[in-house]
Amino acid sequence: MKYPTKASKKTHIHEKDTPPISELRQDAVSGDWVLIAPSRLKRPEFFAKKEKIRNLLPKSRCPFENPQKSGNAAPMLVYQKDSGKDWFLQVISNKYPAVGPGHCGVINRRGHYVSQAGTGNHEIVIMRDHDKHLAQYTAGEIKRVLSAYQDRYRSLAREKCINYISIFHNHGREAGASVPHPHSQILTLPVVPPDVGRSIDGSKKYFHKNRKCIHCAMLADEIKDKKRIVFENKMAIVFAPFASHSNFELRIFPKKHEAHFEKMDKKELTYFAEALRQSLRKIYKGLKDPSFNFFIHTAPTIPHQDYQHYHWHIEILPKVSIWGGFELGTGIDIVSMSPEATAAYFKKI
Ligand SMILES: [Zn+2]
Ligand SMILES: [Zn+2]
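Going by this note's numbering, the sequence shown opens with residue 9, and the numbers climb by one from there.
Quick look at the structure:
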């Protein structure tokens, strides 16, 4: 099943009538969407591939030390440090967005090709401390970061033309971080991304057949099996997935069934934050600060759709190997570190 924009009617996402900054194109055969965003190339750092990004952008020239002084608009959200003397994190619009204003829900057809404007919001969640890795945060600090994601998620979900909100964190150049200063990103899309769409379809099919959540069933298996569990507390669980896509991959699930990340309450957030902190700490220590990505997979924001069969979670993928021709050509990832060995390794750290 494909996820075109049936749910969103033709609407202006913002008042501005400027040409779209990017274009979503649909693969005519697979139905998968890609985002063509040439304006992102304005980032000069993208060309300097060989130098380590850390050396390229020292703290003295870091645009995130004082985002407003570096030409960014006022933040849409600020959390203060406990001392009250400085900010802890702030959320701003990305100066080099991958999506932007435009008419959404207008499908263009050129021969066999289908495309639409890449409309949406692209925000950055900037942490105050330049040199502090998320793995060095306390569980309480991680909880505040997750709270900020939720705050922004809830606001963005109310806007028109948004079918999915993607929240992710890139650390290190190999993971796609063009600025070394710790930051996460929030990007809204007028379509459901292919990976999420496939998972939604899979869990929906299982639910209709078995009347239960496939993810809850997998968690029960993992708890029984114990072999792939890395960390567990009262309300969250971290494990190396049975069919991992990369070496040292970890997934964090809330134990209580919930399709929507933004609905997690403060108590669950406390336990989930501890699980995320432990995961990041184990990766940081065990693999000596590798580049990594983590992202939230949650239910789409399409109104009047029931996603109760889905179960939100976070996936963390350390960038310790590079995709070769086989992986790119077949979609089958070769993983040399078995998930069971990954769990055994991280458990000890
Ligand atoms: Zn900085
Ligand atoms: Zn579930």
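Just so you know, even glycine gets a beta-carbon here, dropped at the ideal spot from N, CA and C.
A quick note: this is a predicted structure, and the numbers were derived from the prediction, not measured.
Worksheet item: Of the residues Val343, Ile150, Ser186, His317, which one's Cα is nearest the Cα of Tyr87?
Response: It is Ile150 whose Cα lies nearest to the Cα of Tyr87.
Worksheet item: So is the beta-carbon of Cys221 under 7 Å away from any non-hydrogen atom of ligand 2?
Response: The answer is yes for Cys221.
Worksheet entry | Phe261 classed as buried or exposed, judged by whether at least 16 other C-beta atoms fall within 10 angstroms | Flag for Phe261 reads buried.
Discussion item. Measuring straight from C-alpha to C-alpha, what distance separates Lys103 and Lys77?
Written reply: So the alpha carbons of these two residues sit roughly 13 Å apart.
Worksheet item: Taking C-alpha atoms, which residue in Ser123, Ala352, Gln124, Gly108 lies nearest to Ile237?
Response: Minimum Cα distance to Ile237 is reached at Ala352.
Fill in: 8 Å Cβ cutoff met for Phe239 and Ser287
A contact, by the Cβ cut-off of 8 Å.
Item to complete: Please name the residue in Ala183, Arg118, Lys290, Arg136 whose C-alpha comes closest to that of Trp95.
Response: Closest option to Trp95, Cα to Cα, is Arg136.
Discussion item. Looking at Glu73: is its Cβ nearer than 8 Å to the Cβ of Ile100?
Written reply: In this structure, Ile100 does not lie closer than 8 Å to Glu73 by Cβ.
Worksheet item: Whose C-alpha, out of Tyr292, Pro198, Thr306, Ala36, is nearest the C-alpha of Ile357?
Response: Its Cα nearest to that of Ile357, the residue Tyr292 stands out among Tyr292, Pro198, Thr306, Ala36.
Worksheet item: If you check the beta carbons only, do Pro198 and Cys169 fall under 8 Å apart?
Response: Yes, these two residues count as a Cβ contact at 8 Å.
Worksheet entry | Beta-carbon gap between His191 and Val133 smaller than 8 Å | Result yes, Cβ atoms of His191 and Val133 sit closer than 8 Å.
Item to complete: Measure from the alpha carbon of Leu227 to the alpha carbon of each residue in Arg118, His265, Val204, Ala185, then state which is nearest.
Response: Ranking the options by Cα distance to Leu227, first place goes to His265.
Worksheet item: Any idea which residues DSSP pairs His317 with across the strands?
Response: Paired residue(s): none; His317 is not in a bridge.
Discussion item. Let me check you understand the geometry: is the CB of His216 closer than 7 Å to at least one non-hydrogen atom of ligand 2?
Written reply: At a cut-off of 7 Å, the beta-carbon of His216 does not count as near ligand 2: no heavy atom of the ligand is closer than that.
Discussion item. On the criterion of 16 or more Cβ atoms from any shown chain inside 10 Å, does Gln193 qualify as buried, or is it exposed?
Written reply: By the neighbour-count rule (16 or more Cβ atoms within 10 Å), Gln193 is buried.
Discussion item. Measuring alpha carbon to alpha carbon, tell me which residue in Tyr161, Gly294, Val343 is nearest Ala251.
Written reply: The residue with the shortest Cα to Cα distance from Ala251 is Val343.
Worksheet entry | Beta carbon nearer than 5 Å to a non-hydrogen atom of ligand 1 | Those residues that have a beta carbon less than 5 Å away from any non-hydrogen atom of ligand 1 are, in order along the chain, Cys70, Phe72, Glu73, His138, His189.
Worksheet item: Closest to Phe176 by CA distance: which of Thr26, Leu336, Phe334, Leu325 is it?
Response: Of the candidates Thr26, Leu336, Phe334, Leu325, Leu325 places its Cα closest to the Cα of Phe176.
Worksheet item: What are the boundary residues of the beta strand (DSSP E) that includes Thr196?
Response: First-last of the beta strand (DSSP E) with Thr196: 191 to 197.
Worksheet item: Do you know how far the Cα of Asp229 is from the Cα of Glu348?
Response: So the two alpha carbons sit approximately 14 Å from each other.
Worksheet item: Hey, quick one: how far does the alpha helix (DSSP H) through Met226 stretch, first residue to last?
Response: DSSP places Met226 in the uninterrupted alpha helix (DSSP H) bounded by 222 to 233.
Worksheet item: Hey, Lys242 and Tyr279: beta-carbon distance below 8 Å or not?
Response: Cβ atoms of Lys242 and Tyr279: closer than 8 Å.
Worksheet item: Is His305 near ligand 2, judged by its Cβ being under 7 Å from some heavy atom?
Response: It does not: the Cβ of His305 is nowhere closer than 7 Å to a heavy atom of ligand 2.
Worksheet entry | Asn218 - containing alpha helix (DSSP H), residue span | Where Asn218 is concerned, the enclosing alpha helix (DSSP H) starts and stops at 202 to 218.
Worksheet item: Is the closest heavy atom of ligand 2 to the C-beta of Cys169 under 7 Å?
Response: Relative to ligand 2, the beta carbon of Cys169 is positioned no closer than 7 Å to any heavy atom.
Worksheet item: Should Ile340 go down as buried or exposed, given a rule of 16 or more other Cβ atoms within 10 Å for buried?
Response: Exposed, by the Cβ-count rule.
Item to complete: Can you tell me which of Asn80, Gln124, Trp320 puts its alpha carbon nearest to the alpha carbon of Asp35?
Response: A check of alpha carbon separations from Asp35 across Asn80, Gln124, Trp320 identifies Gln124 as the nearest.
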